[in-house]
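Q: Just passing along the structure, written as structure tokens.
There are 2 protein chains.
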Amino acid sequence: MAPSTAKEAYVTLCTNDSYAIGVLVWVESLKEVGTTRQIVVMITNGLSQKMKEQLAESADKVVEVNVLDSRDNVNLDLLARPDLGVTFTKLHCWRLTEYDKCVFMDADTLVLKNIDDLFEKEEFSAAPDPGWPDCFNSGVYVYKPSLETYQKLLKFAVQSGSFDGGDQGLLNSYYTNWNRISFLYNCVAQSFYSYLPAFKQFGKDVKVAHFIGAVKPWHHSFDVSTGKVSESEFSGHCADFLRHWWNLFVSRVHKRLPEEISPTFPKE
Amino acid sequence: MAPSTAKEAYVTLCTNDSYAIGVLVWVESLKEVGTTRQIVVMITNGLSQKMKEQLAESADKVVEVNVLDSRDNVNLDLLARPDLGVTFTKLHCWRLTEYDKCVFMDADTLVLKNIDDLFEKEEFSAAPDPGWPDCFNSGVYVYKPSLETYQKLLKFAVQSGSFDGGDQGLLNSYYTNWNRISFLYNCVAQSFYSYLPAFKQFGKDVKVAHFIGAVKPWHHSFDVSTGKVSESEFSGHCADFLRHWWNLFVSRVHKRLPEEISPTFPKE
Ligand SMILES: O=c1ccn([C@@H]2O[C@H](COP(=O)(O)OP(=O)(O)O)[C@@H](O)[C@H]2O)c(=O)[nH]1
Ligand SMILES: O=c1ccn([C@@H]2O[C@H](COP(=O)(O)OP(=O)(O)O)[C@@H](O)[C@H]2O)c(=O)[nH]1
Ligand SMILES: [Mn+2]
Ligand SMILES: [Mn+2]
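Protein sequences appear in the order of chains A and B.
My numbering numbers the first residue of the first sequence as 246 and each following residue consecutively.
My numbering numbers the first residue of the second sequence as 246 and each following residue consecutively.
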């Protein structure tokens, strides 16, 4: 295994206890594939104290961020754009300048294979979005923390908005010359419906599954005896990926979670 | 307008009268955007005589192709793989060596803007498939006719098969180092459902709409008085693209079609 590189990190975000469940599983998935990089979680004041403690035990670093914590002009303009709230929270990742390079990953991603080779890529690298493959999906991206970039991104956002109201539209408008990485690094778990033969051919090589959409893995429930996931609502998520998520949750996360912040899944 | 370049051509394929309707509209769409290149249609013996005449009037060249017209070893092997039939028919496009460069386009594509700049691209250029964007969609591609490539492709197909049973799987396995062109050159007409804000942002720039799937534009019907398309079955095709297809059909194709080969749409 390569020596740990303290100046590179995987970064994610959660603004509430629900997404934090996703983060806890995401952290375990990174550890399981033997990453040598740091794991950083950005949180807001929307998390319970107990969940913050869980995250602090699990990740290398937890950073509390707040959209409106500085008082410069850009941030004053932001007050007029409440629609872009969570988007701006994600942009905080550019402020983690104690790292030379980072990989941002959504809290609803699951790492299946070691992806430390992503740190060889430059800013801005991402995988195509299957909906509109000229755009990248912003659930996984390689970037370089920089206060200058952070300010530029905020300014750009306030001036131009985001064509989808979220960080993906904003980042795609800002980084028009992005570097394409394989879809295997951000495989939207629904996509095997659109082109099933490709999923059958390449599915075993998927490195990161991304559970996009309103229904997340932690919204389902899981039967420990049968190892089966019961979908609370049809999500289109690949059953194998979902099972992997739940296996990690059951074996590595659930037992240490305080009763009141556990998801639907009942404790034995 | 640039001078006509006789050694470059748009190429399509139809194996029956139904797809030939698509070809007739495709030809008109190319003419409407003022292409300076030749238009070539490959056909098989599955077409009626009347339809062949229509195509001959409409395109610059009609070439009858037949999978098993040569008697070399590869073709004998083909007899054992009837599943790959239409796939191999498409491969005939590499035999059009009177052209230096060609753009193959499916019969279910519709050209919305001039795309002659595609001839500046090298073999093999194509646009990402939205289902699995590490693969290209084989509905539009730039290639260089060559008997050598044709033979290699046949050999490869017989040996390796196609992971999706069609030309897309085959060509993706063969051309692993393909050159990516924008999704705007092969916009799968369903994709605006998956990422609607991107379609709203970039939809006006679409150069080619591609009506993938079992239901094709000519399976619907059209009301001339209202200008509305009635979908025979939900296809997910963008209404604007469908209307454009039907407007071309009504204004430029329908009147000269013999009664017996007209699609569902009734003549006034
Ligand atoms: O209420 C929210 C919404 C989003 N997120 C973070 O923002 C990411 C992007 O949102 P999501 O994954 O739900 O979007 P999708 O991938 O489904 O488009 C999440 O993974 C979280 O990291 C969050 O912390 N709280
Ligand atoms: O019975 C057939 C099936 C296909 N094709 C040709 O092969 C292309 C690819 O098939 P299709 O467009 O139906 O596939 P899709 O794009 O829906 O995957 C068509 O556009 C036609 O040019 C044909 O001539 N006859
Ligand atoms: Mn996500
Ligand atoms: Mn097609």
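Yeah, the Cβ is synthetic: ideal placement off N, Cα and C, and Gly gets one too.
(1) Please report the straight-line C-alpha distance between A:R282 and A:N359, rounded to a whole angstrom.
(2) Is there at least one Cβ from chain B nearer than 8 Å to A:F447's Cβ?
(3) Which residues are close to ligand 3, meaning CB closer than 6 Å to any heavy atom, in chain order?
(4) Quick one: does the C-beta of A:C259 sit closer than 7 Å to a heavy atom of ligand 1?
(5) For the beta strand (DSSP E) that contains B:H489, what are its first and last residues?
(6) Counting Cβ pairs closer than 8 Å, one from the segment 256-270 of chain B and one from the segment 282-293 of chain B, do we hit at least three?
(7) What does a CB cutoff of less than 7 Å around B:N261 pick up in its chain, not counting 5 residues either side in sequence?
(8) For B:P373, go through chain A and note every residue whose CB falls closer than 7 Å to its CB, in chain order.
(9) Within the present structure, is the beta-carbon of B:K335 separated from the nearest heavy atom of ligand 2 by less than 7 Å?
(10) Is B:K346 buried or exposed, if buried means 16 or more other CB atoms sit within 10 Å of its CB?
(11) Looking only at its chain, what residues have a beta carbon closer than 6 Å to the beta carbon of B:F494, apart from the 5 residues adjacent to it on each side?
(12) Secondary structure at B:K222, three-state DSSP: helix, strand or coil?
(13) Does A:D528 pass the burial test, meaning 16 or more other C-beta atoms within 10 Å, or should it be called exposed?
(14) Are the C-beta atoms of B:S439 and some chain A residue less than 8 Å apart?
(15) Rounded to whole angstroms, what is the Cα-Cα separation between A:E273 and A:R497?
(16) Which runs of the beta strand (DSSP E) spanning at least 3 residues fall entirely within the segment 365-444 of chain A, listed in chain order?
(17) For A:A454, return the contacting residues in chain B, with the cut-off set at a CB-CB distance below 8 Å.
(18) Is any non-hydrogen atom of ligand 2 found closer than 7 Å to the C-beta of B:Y264, if you look at the structure I gave you?
(19) Closer than 8 Å by beta-carbon distance: list the chain A residues that pair up with B:S427, in chain order.
(20) Leaving out the 5 sequence neighbours to the left and right, which residues in its chain are closer than 6 Å to B:S370 when beta-carbon positions are compared?
(21) Would you call A:P503 buried or exposed, if buried means 16 or more other Cβ atoms sit within 10 Å of its Cβ?
(22) Should A:V331 be listed as close to ligand 1, given that the test is whether its C-beta is under 7 Å from any heavy atom?
(23) Hey, is B:D345's beta-carbon within less than 8 Å of any beta-carbon in chain A?
(24) Run down chain A in chain order and give the residues with a C-beta less than 7 Å from the C-beta of B:F408.
(25) Give the residues from the segment 456-471 of chain B that approach chain A closer than 8 Å (Cβ to any Cβ), ordered along the chain.
(26) Mind checking whether B:A454 and B:L363 have CB atoms under 8 Å apart?
(27) What number of angstroms, rounded off, separates the C-alpha of A:A254 from the C-alpha of A:L429?
(28) Return the chain-ordered list of same chain residues with a C-beta closer than 6 Å to the C-beta of A:C338, the five sequence neighbours on each side being excluded.
(29) Within the 8 Å Cβ cut-off, does B:G414 reach chain A?
A: The structure says:
(1) Rounded to the nearest whole angstrom, the C-alpha separation of A:R282 and A:N359 is 11 Å.
(2) Yes, contact with chain B.
(3) Taken from the N-terminal end onward, the list reads A:D351, A:D353, A:G384, A:H455, A:I457.
(4) For A:C259, the CB falls within less than 7 Å of some heavy atom of ligand 1.
(5) Judged by DSSP secondary structure, B:H489 falls outside any beta strand (DSSP E) and instead within the alpha helix (DSSP H) spanning 484-493.
(6) Below 8 Å, enough C-beta pairs join the segment 256-270 of chain B and the segment 282-293 of chain B to call them touching: three or more.
(7) Here B:N261 has G291, L292 as same chain residues with Cβ atoms under 7 Å from its own Cβ, once five neighbours each way along the sequence are excluded.
(8) Close partners of B:P373 in chain A (Cβ separation under 7 Å): P373, P378.
(9) Look at B:K335: its beta carbon is less than 7 Å from one of the heavy atoms in ligand 2.
(10) So B:K346 ends up on the buried side.
(11) Apart from the 5 residues on each side of it in sequence, B:F494 sits with its Cβ closer than 6 Å to the Cβ of V270 in its chain, given in chain order.
(12) Past the boundaries of the shown model lies residue 222 of chain B; chain B is included only from 246 to 513, so the question cannot be answered.
(13) The requested residue 528 of chain A does not occur in the structure, where chain A is confined to residues 246 to 513.
(14) Closer than 8 Å to some Cβ of chain A, the Cβ of B:S439 qualifies, so yes.
(15) If you draw a straight line from the Cα of A:E273 to the Cα of A:R497, it is about 7 Å long.
(16) Segments of the beta strand (DSSP E) lying fully in the segment 365-444 of chain A: 370-373, 381-388.
(17) Near A:A454 there are no residues of chain B at all, since even the closest Cβ is about 14 Å away, more than 8 Å.
(18) Taking non-hydrogen atoms of ligand 2 into account, the C-beta of B:Y264 is found less than 7 Å away from one of them.
(19) D379, listed in chain order.
(20) In the same chain as B:S370, and ignoring 5 residues on each side of it, the C-beta atoms closer than 6 Å to its own belong to V387, N424, I426, in chain order.
(21) Around the beta carbon of A:P503, fewer than 16 other beta carbons lie within 10 angstroms, which makes this residue exposed.
(22) Yes; taking the cut-off as 7 Å, the Cβ of A:V331 has a heavy atom of ligand 1 nearer than that.
(23) It does not: the Cβ of B:D345 has no partner Cβ on chain A nearer than 8 Å.
(24) In chain order: P442, Q446.
(25) From the segment 456-471 of chain B, no residue has a Cβ closer than 8 Å to chain A.
(26) Contact: no.
(27) A direct Cα-Cα distance of roughly 20 Å separates A:A254 from A:L429.
(28) Closer than 6 Å at the Cβ level, and outside the excluded window around A:C338, lie V256, F349.
(29) Interface with chain A (8 Å Cβ-Cβ cutoff): B:G414 is included.
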